[in-house]
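> Below you will find the structure I want to go over with you.
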Amino acid sequence: MKQFISVHDVPSVKEMVEQALAYKANPLQDKQLGANKRIGLLFLNPSMRTRLSTQVAAANLGMESIVFNVGGEGWKLEFEDEAIMSGDTVEHVKDAAPIMGKYFDMLAIRTFPSLQNKADDYSELYINQFIKYAGIPIVSLESATLHPLQSLTDITTMTESLRKNPLPAGRKPKVVLTWAPHVKPLPQCVANSFAQWVNAWDGPNGEGVDFVITHPEDYELDEQFTKGATITHNQDEALKDADFVYVKNWSTYNDYGKIYCNDPDWMLNNEKLALTNNAKVMHCLPVRRNVELSDEILDGPNSLVTEEAGNRVWAAQAVLAALLSK
Amino acid sequence: MKQFISVHDVPSVKEMVEQALAYKANPLQDKQLGANKRIGLLFLNPSMRTRLSTQVAAANLGMESIVFNVGGEGWKLEFEDEAIMSGDTVEHVKDAAPIMGKYFDMLAIRTFPSLQNKADDYSELYINQFIKYAGIPIVSLESATLHPLQSLTDITTMTESLRKNPLPAGRKPKVVLTWAPHVKPLPQCVANSFAQWVNAWDGPNGEGVDFVITHPEDYELDEQFTKGATITHNQDEALKDADFVYVKNWSTYNDYGKIYCNDPDWMLNNEKLALTNNAKVMHCLPVRRNVELSDEILDGPNSLVTEEAGNRVWAAQAVLAALLSK
Amino acid sequence: MKQFISVHDVPSVKEMVEQALAYKANPLQDKQLGANKRIGLLFLNPSMRTRLSTQVAAANLGMESIVFNVGGEGWKLEFEDEAIMSGDTVEHVKDAAPIMGKYFDMLAIRTFPSLQNKADDYSELYINQFIKYAGIPIVSLESATLHPLQSLTDITTMTESLRKNPLPAGRKPKVVLTWAPHVKPLPQCVANSFAQWVNAWDGPNGEGVDFVITHPEDYELDEQFTKGATITHNQDEALKDADFVYVKNWSTYNDYGKIYCNDPDWMLNNEKLALTNNAKVMHCLPVRRNVELSDEILDGPNSLVTEEAGNRVWAAQAVLAALLSK
Numbered sequence: 000m001k002q003f004i005s006v007h008d009v010p011s012v013k014e015m016v017e018q019a020l021a022y023k024a025n026p027l028q029d030k031q032l033g034a035n036k037r038i039g040l041l042f043l044n045p046s047m048r049t050r051l052s053t054q055v056a057a058a059n060l061g062m063e064s065i066v067f068n069v070g071g072e073g074w075k076l077e078f079e080d081e082a083i084m085s086g087d088t089v090e091h092v093k094d095a096a097p098i099m100g101k102y103f104d105m106l107a108i109r110t111f112p113s114l115q116n117k118a119d120d121y122s123e124l125y126i127n128q129f130i131k132y133a134g135i136p137i138v139s140l141e142s143a144t145l146h147p148l149q150s151l152t153d154i155t156t157m158t159e160s161l162r163k164n165p166l167p168a169g170r171k172p173k174v175v176l177t178w179a180p181h182v183k184p185l186p187q188c189v190a191n192s193f194a195q196w197v198n199a200w201d202g203p204n205g206e207g208v209d210f211v212i213t214h215p216e217d218y219e220l221d222e223q224f225t226k227g228a229t230i231t232h233n234q235d236e237a238l239k240d241a242d243f244v245y246v247k248n249w250s251t252y253n254d255y256g257k258i259y260c261n262d263p264d265w266m267l268n269n270e271k272l273a274l275t276n277n278a279k280v281m282h283c284l285p286v287r288r289n290v291e292l293s294d295e296i297l298d299g300p301n302s303l304v305t306e307e308a309g310n311r312v313w314a315a316q317a318v319l320a321a322l323l324s325k
Numbered sequence: 000m001k002q003f004i005s006v007h008d009v010p011s012v013k014e015m016v017e018q019a020l021a022y023k024a025n026p027l028q029d030k031q032l033g034a035n036k037r038i039g040l041l042f043l044n045p046s047m048r049t050r051l052s053t054q055v056a057a058a059n060l061g062m063e064s065i066v067f068n069v070g071g072e073g074w075k076l077e078f079e080d081e082a083i084m085s086g087d088t089v090e091h092v093k094d095a096a097p098i099m100g101k102y103f104d105m106l107a108i109r110t111f112p113s114l115q116n117k118a119d120d121y122s123e124l125y126i127n128q129f130i131k132y133a134g135i136p137i138v139s140l141e142s143a144t145l146h147p148l149q150s151l152t153d154i155t156t157m158t159e160s161l162r163k164n165p166l167p168a169g170r171k172p173k174v175v176l177t178w179a180p181h182v183k184p185l186p187q188c189v190a191n192s193f194a195q196w197v198n199a200w201d202g203p204n205g206e207g208v209d210f211v212i213t214h215p216e217d218y219e220l221d222e223q224f225t226k227g228a229t230i231t232h233n234q235d236e237a238l239k240d241a242d243f244v245y246v247k248n249w250s251t252y253n254d255y256g257k258i259y260c261n262d263p264d265w266m267l268n269n270e271k272l273a274l275t276n277n278a279k280v281m282h283c284l285p286v287r288r289n290v291e292l293s294d295e296i297l298d299g300p301n302s303l304v305t306e307e308a309g310n311r312v313w314a315a316q317a318v319l320a321a322l323l324s325k
Numbered sequence: 000m001k002q003f004i005s006v007h008d009v010p011s012v013k014e015m016v017e018q019a020l021a022y023k024a025n026p027l028q029d030k031q032l033g034a035n036k037r038i039g040l041l042f043l044n045p046s047m048r049t050r051l052s053t054q055v056a057a058a059n060l061g062m063e064s065i066v067f068n069v070g071g072e073g074w075k076l077e078f079e080d081e082a083i084m085s086g087d088t089v090e091h092v093k094d095a096a097p098i099m100g101k102y103f104d105m106l107a108i109r110t111f112p113s114l115q116n117k118a119d120d121y122s123e124l125y126i127n128q129f130i131k132y133a134g135i136p137i138v139s140l141e142s143a144t145l146h147p148l149q150s151l152t153d154i155t156t157m158t159e160s161l162r163k164n165p166l167p168a169g170r171k172p173k174v175v176l177t178w179a180p181h182v183k184p185l186p187q188c189v190a191n192s193f194a195q196w197v198n199a200w201d202g203p204n205g206e207g208v209d210f211v212i213t214h215p216e217d218y219e220l221d222e223q224f225t226k227g228a229t230i231t232h233n234q235d236e237a238l239k240d241a242d243f244v245y246v247k248n249w250s251t252y253n254d255y256g257k258i259y260c261n262d263p264d265w266m267l268n269n270e271k272l273a274l275t276n277n278a279k280v281m282h283c284l285p286v287r288r289n290v291e292l293s294d295e296i297l298d299g300p301n302s303l304v305t306e307e308a309g310n311r312v313w314a315a316q317a318v319l320a321a322l323l324s325k
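Protein chains in written order, with numbering that gives the first Met the number 0: chain E, 0 to 325; chain C, 0 to 325; chain L, 0 to 325.
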């Protein structure tokens, strides 16, 4: 594996998941793998879980991590080629990235979308410029359109859950991604990425997945990620017999970055959960309680959110190990 | 020891002080104790001495520390149960704390009081919510009402000083906590905590302590911490024959969080020091020079403030070691 | 070596350069030298390359580094003696520095000039107060008037380049420091320091250096640093036959901290480069592309800027090693 930007970089989703679960069982089994190696963690946007879990993962591999938070002031990067830099950007990625490539063995980057300009965001200009100029493996800590460490975590969490509570033989797990209300327009990254990975996943036993996406009108996602899923505006219909419900808000894709409908009826609660096959409920966190998801779900026995966030460590560790081993 | 929130968590103040002094004499004696252990240092409020000394203490024990500064933006926590999170808080402590519990072996937290609402502050809602939900040992790096790492340091510093310059046999050390002027309303934490610990301390040789608190009218502290001390509004009377003078500003407790009298005559200077038994002068720092304490005291031979701040490392190391050894 | 503030602290520029190049060839050769030693990195101003390269250098020596960013809020330092601290400064350097001296084995500090008051800036009050009170070796990470880690890097980079592409026997390298346009008034540190170090350098083979400084009228630098160089306002004349062109903006020194001429003709491009002896082009970064330096130069074969920034690690490592070995 040469980089970790999307599911396309992963030779085998199944093997990566197995590696993550192996690290969960034995965190220090590869403590020597990262000796005298160094990862830079570059945050153009804030992070809590992603930063901490990646630092823990690196430490478990015996690898040094150095965090650099790019403030709005002081180190604003330029990404446009041929820019005349007389404005507020103080350094071009063409100059910054190769230096990161000299200081580190690999570079992990978080960079959010503008939600202003769809073409720019979906071209993934920022992370692609780092890939082009850094000369070392790049790990996405969430980019403008995708969040692959989260998605690998999510597949790992579903796999683990299905091992603890197996489905009847021959039954494909039904996985539902449902839109949820929120107070702010959010990126599409987590939803895009979850769709991309579930579509690439052949299920815990190779039998495939029954994958449904549900959202109000106007909240369509990019087909390059969703193709293969059943898409419906009828949430109740989608939830029927679900084994996993993945809850997430996102802003509009077509008329980009907007909030249209914000109907509170889309919030998952126990009444809706009763439609499912006693589904496990997932969310990438942070979650707005009683806006995106009800207390009764989050504090109830079906919630996997804490386990899921904990699994971020093992997913990151599997990714870093694959890059160290290449 | 299961946590470190107040003096009540400590089986023996004396033994903890001895351990701190042992680490001062031999910082690396337990370098293996923290191997493959990890402490999260979570700052909801700024810190210099506390952060650095705790990081150094962890390193001396061979333990990894990861710092996370919670900015006002980006990761504002919700602490109220059943909140409908449609405002500016983005994550509930019920969701955040258990994840810290998965990433770390212990969690140290700094969280200041609002100074707006006494009931909320004195209920210690923030740190108690972390204790309730994190599932790992919690260390206070200063909470709404107490600062136990500082107080353990202070007892350690007095013990050390009395070993260098012993009192006549049978004489109990006289310890005076005196209020000092300041330009801003400050928390009562350091004063509360110092009172709590001195009251729990039986002196360097088990003979007890003569403990006096002095402050202007209206600056009473909470009796749960001060009970056992002599309290007077007459600073000169209090200082008489003192062996240690602990200088600290705090805002009002009863009519909460205010500045009433701010009389500059309460600032300690050499004239007042002449009333004491050549007392050593202490302060937790940072100190406003020539407002809280005069240059002549801070730069003079009786000041212990630098030694005291240096001892923060050994107090923290004793605490972390006790939690690692449990 | 007891500290690293300017070239005057270095017993031999040549030996320090050789040590830097030795570390570049074998980064981990002294991995045990810094065992159980700790460096504090204190930033009163922002930093990217300097912080990261110094952290990497410390790690290569097996030394722990702890970063502390001093925010405008929360920990504003007072540097004036006898200040009555009733304003916005919360801690005096007289109190803060000795504590750093207790927590760390050495202390590295970045502190920028005000560009408001020349006398204050050129007295180097801030870093000198730390030297006076910390009681441990101080390393400048750029101070009000100098940037010695950058300059050691620059001499190292020129030495390395001349080993790869030697000059004809007996020819002294011609080194040109040229002013460049910028959009903001910048410190004189990098230019001052480069001049000081080149003047102290006797060239790669001991034959000396032909050193020329060129800038528009009104941009004279302090003679204490430039004395020994040829100074001219004619950039074309200066560039003639140059082997190295060091490009840097600085604000005015005499009428302090201003922008007078900002003539875009002073920006280096290929036409001007044609005047040189196929000179290598250097810049400390960050660089405003197409304002200070053209894309064609930065992306062309004569640019050393990435190599130069990478060499920051080896220069820092040589400095830290010298302080550890003293």
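The beta-carbon is built from N, C-alpha and C at its ideal position, and this holds for glycine as well.
Which one of C:S324, C:E17 and C:S5 has the shortest CA to CA distance from C:T158?
Residue C:E17 is the option with its Cα nearest to C:T158.
> Taking C-beta pairs closer than 8 Å, name the residues in chain L that E:K101 reaches, listed in chain order.
Within 8 Å Cβ-Cβ: T305, A308, G309 and V312.
> Can you pull the chain L residues whose beta carbon is under 9 Å from the beta carbon of C:V153, in chain order?
Note that residue 153 of chain C is Asp in the sequence shown here, rather than Val. Within 9 Å Cβ-Cβ: nothing; C:D153 doesn't reach chain L, min ~15 Å.
> Under 8 Å Cβ-Cβ, which residues of chain C neighbour L:W74?
In chain order: P45, M47 and P285.
> Less than 8 Å between the beta carbons of C:I137 and C:I126, yes or no?
Yes, the Cβ-Cβ distance between C:I137 and C:I126 is below 8 Å.
> I'd like to check one pair, E:V12 with E:I154: are the Cβ atoms closer than 8 Å?
Yes, the pair counts as a contact, with Cβ atoms nearer than the cut-off.
> Closest to E:K239 by CA distance: which of E:L51, E:V6 and E:L176 is it?
E:K239 has its Cα closest to that of E:L176, out of E:L51, E:V6 and E:L176.
> Interface residues of chain E around L:S52 at Cβ under 8 Å?
The contacting residues are Y102.
> Look at the alpha carbon of L:E307 and the alpha carbon of L:L284, and state the distance between them as a whole number of angstroms.
So the alpha carbons of these two residues sit roughly 9 Å apart.
> Can you find the residues in the same chain that come closer than 8 Å, C-beta to C-beta, to L:Q128, ignoring five residues on each side of it along the sequence?
Within the same chain, L:Q128 has close Cβ partners F78, V92, K93 and A96.
> Can you say whether C:L40 is buried or exposed, counting buried as having 16 or more other CB atoms within 10 angstroms of its CB?
Result: buried.
> If distances are taken between C-alpha atoms only, which option among E:T144, E:S139 and E:L140 comes closest to E:A118?
Cα-wise, what sits closest to E:A118 is E:T144.
> Give me the Cα-Cα distance between C:A273 and C:P165, rounded to the nearest whole angstrom.
Distance between the alpha carbons of C:A273 and C:P165: 20 Å.
> Do L:G202 and L:P172 have their C-beta atoms within less than 8 Å of each other?
In this structure, L:P172 lies closer than 8 Å to L:G202 by Cβ.
> Go to E:E307, then tell me how far its alpha helix (DSSP H) extends in each direction, as first and last residue.
From DSSP, the alpha helix (DSSP H) with E:E307 extends over V304 to S324.
> Could you tell me which residues DSSP puts in a beta bridge with C:T231?
DSSP, once it has assigned bridges, lists C:T213 as partnering C:T231.
> What are the boundary residues of the alpha helix (DSSP H) that E:L100 is part of?
It should be pointed out that residue 100 of chain E corresponds to Gly in this sequence rather than to Leu. Here the alpha helix (DSSP H) through E:G100 covers V92 to Y102.
> Consider the Cβ of E:D294: report whether some Cβ of chain C lies at a distance smaller than 8 Å.
With 8 Å as the cut-off, E:D294 counts as an interface residue toward chain C.
> Check this for me: beta carbons of L:Q187 and L:L148, under 8 Å apart or not?
Taking 8 Å as the Cβ cut-off, L:Q187 and L:L148 do not qualify as a contacting pair.
> Under 8 Å by Cβ, that's how I've got E:S150 and E:F193 pegged, so tell me the actual separation to the nearest angstrom.
Between E:F193 and E:S150 the Cβ distance is about 5 Å, and since that is below 8 Å, they are a contact.
> So which residues on chain L does C:N261 lean against when the C-beta distance must stay under 9 Å?
What C:N261 touches in chain L: nothing, since even the nearest Cβ is about 10 Å away.
> In the DSSP assignment, find the unbroken alpha helix (DSSP H) run with C:E292 in it and report its ends.
Looking at the sequence provided, one finds Leu at residue 292 of chain C rather than Glu. No alpha helix (DSSP H) holds C:L292; DSSP gives it neither H nor E.
> Can you look up L:E14 in the DSSP assignment and give me helix, strand or coil?
L:E14: helix per DSSP, three-state reduction.
> Taking the C-alpha atoms as reference points, what is the distance between L:G256 and C:E270?
Distance between the alpha carbons of L:G256 and C:E270 is about 46 Å.
> Does chain E have any CB closer than 8 Å to the CB of L:V290?
At least one chain E Cβ lies under 8 Å of L:V290.
> Put C:L161 into one of helix, strand or coil per three-state DSSP.
Helix, per DSSP.
> Is the Cβ-Cβ distance between C:L292 and C:W249 less than 8 Å?
It is not a contact, given that the beta carbons lie outside the stated cut-off.
> By Cβ distance below 6 Å, which residues in the same chain neighbour L:N310 in space, the five residues on each side in sequence not counted?
Once the five neighbours on either side are set aside, the close Cβ partners of L:N310 are T152, T155 and T156.
> Over the uninterrupted alpha helix (DSSP H) stretch that includes E:E270, give me the two end residues.
Its alpha helix (DSSP H) spans residues N269 to L272.
> If we cut at 8 Å on Cβ distances, does L:V182 have a partner in chain E?
Yes - at least one Cβ of chain E is within 8 Å of the one on L:V182.
> Per DSSP, which one or two residues make a beta bridge with L:K247?
According to DSSP, L:K247 bridges with L:W178.
> For C:V246, go through chain L and note every residue whose CB falls closer than 7 Å to its CB, in chain order.
Within chain L, no residue comes near C:V246; the closest Cβ sits about 13 Å away, beyond 7 Å.
> Is the beta carbon of E:P180 closer than 8 Å to that of E:D298?
Cβ atoms of E:D298 and E:P180: not closer than 8 Å.
> Check whether the stretch 41 to 50 of chain C touches the stretch 24 to 31 of chain L, taking contact to mean three or more Cβ pairs, one atom from each stretch, closer than 8 Å.
Short answer: they don't touch.
> Kindly indicate the opening and closing residues of the beta strand (DSSP E) around E:N68.
Run containing E:N68: E63 to N68, per the beta strand (DSSP E) assignment.
> Could you please give me the residues that DSSP links to E:L220 through a beta bridge?
Note: E:L220 sits in no beta bridge, so no partner.
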